[in-house]
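*Asks:* Let me begin by handing over the structure; questions about it come next.
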Ligand SMILES: O=C(O)CCC(=O)C(=O)O
Ligand SMILES: [Fe+2]
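In the numbering used here, the protein residues as written are 1 to 296.
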């Protein structure tokens with residue numbers, strides 16, 4: 001009995017904090033710096049989630065589950081029964097015109113990433129649908145995409161953030177993302193924690209699990225017989241890192257022309273500046289902004 005009580009009282013205090021969608025970027029940064037992540041409740045509306053799901057449903061149906069070449073080089077990272085739909089910026093009008101243009105998202109990204117670089121990009125925007133029977137994803141930190149930051153450990157810069165948005169309700173059973181709050185401060189980033197250290201991010205559709213690149217986490221196991229856990233993982237990274245998705249080569253230029261300059265920057269259609277850090281300007285043409293060359 002005593003043991004059961006301990007678990008009950010400790011679990012909520014160690015899980016990630018939850019804040020309302022209108023929490024200030026400064027407060028959000030404070031919590032993320034402390035815990036590695038935070039849950040933003042009711043960030044997107046039920047209607048936005050419904051429209052988004054409707055737009056991507058046909059593409060999700062066509063997609064097969066598992067890594068494209070059937071061989072998961074990263075030991076289950078993709079997920080044998082997981083569908084991952086990329087280039088969502090092209091495929092979803094709701095994502096392109098509402099979600100990435102949401103001023104609250106951009107204000108949070110400014111707060112978290114501009115201390116490190118003058119501009120940032122959208123490194124990935126993908127739907128992750130975990131199907132029945134899919135095992136838990138290996139625990140990892142998102143900054144391991146650029147492994148030198150892993151080697152630097154907890155004192156490294158925060159170079160990436162992920163707005164993991166629930167497109168259905170997340171439960172323990174259907175594969176809610178597992179997180180280890182505070183693992184951003186562990187001394188050795190080779191230590192990614194154990195499943196027993198993790199807490200599920202229990203979300204309602206429209207909630208956002210905002211994590212930095214330093215927190216250990218992974219998609220949860222889907223223990224259901226027939227339920228799918230669908231999320232939109234969209235990450236921003238500082239401008240001078242190579243991004244995961246090559247948006248600048250896959251998003252049609254005519255679509256890009258309909259978007260404001262800040263969003264064009266997110267997609268790699270503008271140059272990256274470092275003047276406040278006394279660094280060079282990157283991703284240029286003829287020493288001018290790439291947007292001029294592209295006539296944007
Ligand atoms: O699907 C999830 O819940 C997390 C996915 C993830 O962390 C990743 O692919 O980097
Ligand atoms: Fe991740």
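Backbone N, C-alpha and C fix where the C-beta goes; we use that ideal spot for every residue, glycine too.
Computed from a predicted model, the values in this text were never measured in an experiment.
Between which two residues does the alpha helix (DSSP H) harbouring residue 265 extend?
*Replies:* The residue you call residue 265 lines up with position 265 of the chain shown. Counting along the chain, the alpha helix (DSSP H) containing residue 265 begins and ends at 261-266.
*Asks:* Counting C-beta neighbours from all protein chains within 10 Å, is the total for residue 303 16 or more, i.e. buried, or is it exposed?
*Replies:* Lying before the first or after the last residue shown, residue 303 is absent from the chain, which here runs from 1 to 296.
*Asks:* Beta-carbon separation of residue 163 and residue 178 under 8 Å?
*Replies:* In the chain shown, counting from the first residue as 1, residue 163 sits at position 163. In the chain shown, counting from the first residue as 1, residue 178 sits at position 178. No, Cβ-Cβ distance for residue 163 and residue 178 is not below 8 Å.
*Asks:* For residue 190 and residue 151, I'd like the C-alpha separation in whole angstroms.
*Replies:* Translated into positions along the chain shown, residue 190 becomes position 190. Translated into positions along the chain shown, residue 151 becomes position 151. For residue 190 and residue 151, the distance between alpha carbons rounds to 8 Å.
*Asks:* What does the shell around ligand 3 hold, if a residue joins when its beta-carbon is under 6 Å from any heavy atom?
*Replies:* In terms of ligand content, the structure shown lacks ligand 3 and carries ligand 1 and ligand 2 instead.
*Asks:* Please state whether DSSP places residue 140 in a helix, a strand or coil.
*Replies:* On the chain shown, position 140 is the one that residue 140 refers to. If DSSP states are grouped into helix, strand and coil, residue 140 belongs with the strands.
*Asks:* Just list the residues that DSSP pairs residue 129 with in beta bridges.
*Replies:* Here the question's residue 129 lines up with position 129 in the chain shown. Partner(s): 83, 230.
*Asks:* Return the chain-ordered list of same chain residues with a C-beta closer than 6 Å to the C-beta of residue 47, the five sequence neighbours on each side being excluded.
*Replies:* Here the question's residue 47 lines up with position 47 in the chain shown. Within the same chain, residue 47 has no close Cβ partners at all.
*Asks:* Residue 170 and residue 203: beta carbons closer than 8 Å?
*Replies:* Counting from 1 along the chain shown, the entry for residue 170 is found at position 170. Counting from 1 along the chain shown, the entry for residue 203 is found at position 203. In this structure, residue 203 lies closer than 8 Å to residue 170 by Cβ.
*Asks:* Where do the ends of the alpha helix (DSSP H) carrying residue 198 lie?
*Replies:* One-based indexing of the chain shown puts residue 198 at position 198. Element bounds for residue 198: n/a, residue is neither H nor E.
*Asks:* Specify, as a first and last residue, the run of the beta strand (DSSP E) that residue 163 falls within.
*Replies:* Taking the chain shown and counting its residues from 1, the one referred to as residue 163 is at position 163. 160-166 is the span of the beta strand (DSSP E), which, as asked, contains residue 163.
*Asks:* Compute the beta-carbon to beta-carbon distance between residue 143 and residue 29, rounded to the nearest angstrom, for a pair I have assumed lies under 8 Å.
*Replies:* Here residue 143 corresponds to residue number 143 of the chain shown, with the count starting at 1. Here residue 29 corresponds to residue number 29 of the chain shown, with the count starting at 1. About 17 Å separates the two Cβ atoms, so there is no contact after all.
*Asks:* If you measure from each residue's Cβ to the nearest non-hydrogen atom of ligand 1, which ones come out under 5 Å, in chain order?
*Replies:* Residues flagged by the Cβ proximity filter: 128, 177, 219.
*Asks:* Could you tell me whether the Cβ atoms of residue 243 and residue 268 are closer together than 8 Å?
*Replies:* Sequence index remark: in the chain shown, residue 243 carries index 243 (1-based). Sequence index remark: in the chain shown, residue 268 carries index 268 (1-based). Result yes, Cβ atoms of residue 243 and residue 268 sit closer than 8 Å.
*Asks:* Determine contact between the stretch 61-70 and the stretch 81-97, defined as no fewer than three beta-carbon pairs at a distance below 8 Å.
*Replies:* The stretch 61-70 is in contact with the stretch 81-97.
*Asks:* From 115, 181, 132, 173, pick the residue whose C-alpha is nearest to that of residue 156; which is it?
*Replies:* For this step, residue 156 is matched to residue 156 along the chain shown. Of 115, 181, 132, 173, the residue nearest in Cα terms is 115.
*Asks:* Counting C-beta neighbours from all protein chains within 10 Å, is the total for residue 254 16 or more, i.e. buried, or is it exposed?
*Replies:* To locate residue 254, count along the chain shown from 1; it is residue 254. That one is exposed.
*Asks:* In the DSSP output, what is residue 235 paired with across the bridge?
*Replies:* Working through the chain shown from its first residue, we reach residue 235 at position 235. Looking at the DSSP assignment, residue 235 forms a beta bridge with 124, 162.
*Asks:* Does the beta-carbon distance from residue 94 to residue 42 come in below 8 Å?
*Replies:* Position 94 of the chain shown, counting from 1, holds the residue named residue 94. Position 42 of the chain shown, counting from 1, holds the residue named residue 42. Contact flag unset, no.
*Asks:* Give the DSSP-derived three-state secondary structure of residue 114 in the structure shown.
*Replies:* Counting from one through the chain shown, the residue named residue 114 turns up at place 114. The answer is coil: DSSP assigns residue 114 none of H, G, I, E or B.
*Asks:* In chain order, what residues of the same chain have a beta carbon less than 7 Å from the beta carbon of residue 237, not counting five sequence neighbours either side?
*Replies:* Locating residue 237 in the chain shown gives position 237, where the first residue counts as 1. Once the five neighbours on either side are set aside, the close Cβ partners of residue 237 are 120, 121, 123, 159, 160, 243.
*Asks:* On the premise that residue 88 lies in contact with residue 125, defined as a C-beta separation below 8 Å, what is that separation, rounded to the nearest angstrom?
*Replies:* Residue 125 sits at position 125 when you count from the first residue of the chain shown. Residue 88 sits at position 88 when you count from the first residue of the chain shown. With 8 Å as the limit, residue 125 and residue 88 qualify as a contact, their Cβ atoms being about 5 Å apart.
*Asks:* Which residues bound the beta strand (DSSP E) around residue 41?
*Replies:* Start at 1 with the first residue of the chain shown, and residue 41 comes out as number 41. Its beta strand (DSSP E) spans residues 37-41.
*Asks:* Look up residue 20 in the DSSP assignment and say whether it is helix, strand or coil.
*Replies:* For the purposes of this step, residue 20 is taken as residue 20 along the chain shown, with counting starting at 1. DSSP places residue 20 in strand when its eight states are reduced to three.
*Asks:* Please work out which residues of its chain come closer than 6 Å, Cβ to Cβ, to residue 168, disregarding the five sequence neighbours upstream and downstream, and give them in chain order.
*Replies:* Sequence index remark: in the chain shown, residue 168 carries index 168 (1-based). The answer, listed in chain order, is 205, 230.
*Asks:* So, helix, strand or coil for residue 28, using DSSP?
*Replies:* Position 28 of the chain shown, counted from the first residue, corresponds to residue 28. Correct three-state label for residue 28: helix.
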